[in-house]
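Residues 127 to 214 in the working numbering are what the sequence shown lists, from first letter to last. Structure first, then comments.
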Amino acid sequence: MKVIIKEDIENLGNMGDIVNVKDGYARNYLIPKNLAVGANPRNIKKFEHYRRIIQEKANTSRNSAQILAEKLSSKPMFIKAKASEKDK
127 MKVIIKEDIE
137 NLGNMGDIVN
147 VKDGYARNYL
157 IPKNLAVGAN
167 PRNIKKFEHY
177 RRIIQEKANT
187 SRNSAQILAE
197 KLSSKPMFIK
207 AKASEKDK
């Protein structure tokens with residue numbers, strides 16, 4: 127049976143992967159524990175859309191982090207703190 131994995135599962139695959147597993151493993155373990163769904167055309171299309179949304183969010187946050195890093199690197203920062211009670 128082909129299933130789409132909803133979470134990273136060790137020795138099986140990563141989220142969104144379509145894998146072929148034994149029917150009993152899918153019906154008795156993966157699907158009831160909400161770790162996978164059947165790989166029908168509707169679910170495949172749904173996961174592709176979900177994957178695109180996640181990728182866009184990751185790209186947006188990566189770009190924001192790069193812009194912030196550039197702003198911070200152009201300005202010097204000083205942190206004033208005592209090293210010990212004797213100001214050494």
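For glycine and all other residues, C-beta sits at the position ideal for the given N, C-alpha and C.
Quick check: what's the CA-CA separation for residue i versus residue j?
| i | j | result |
| --- | --- | --- |
| L156 | M141 | 13 Å |
| V147 | A162 | 11 Å |
| N166 | N185 | 29 Å |
| G150 | E174 | 26 Å |
| E211 | D143 | 58 Å |
| K128 | S199 | 49 Å |
| I179 | A207 | 44 Å |
| S187 | L194 | 10 Å |
What is the DSSP secondary structure of residue i, counted as helix, strand or coil?
| i | result |
| --- | --- |
| I135 | strand |
| A162 | strand |
So, residue i versus residue j, is the Cβ gap smaller than 8 Å?
| i | j | result |
| --- | --- | --- |
| K132 | N169 | no |
On the DSSP letters alone, give me the boundaries of the alpha helix (DSSP H) that residue i sits inside.
| i | result |
| --- | --- |
| A184 | P167 to S199 |
In the DSSP assignment, find the beta strand (DSSP E) that holds residue i and state where it starts and stops.
| i | result |
| --- | --- |
| V145 | I144 to N146 |
Go through its chain and collect everything with a Cβ distance to residue i's Cβ below 7 Å, but skip five positions before and after it.
| i | result |
| --- | --- |
| I135 | L161 |
Can you list, in chain order, the residues of its chain whose CB lies under 6 Å from that of residue i, leaving out five sequence neighbours each side?
| i | result |
| --- | --- |
| A191 | none |
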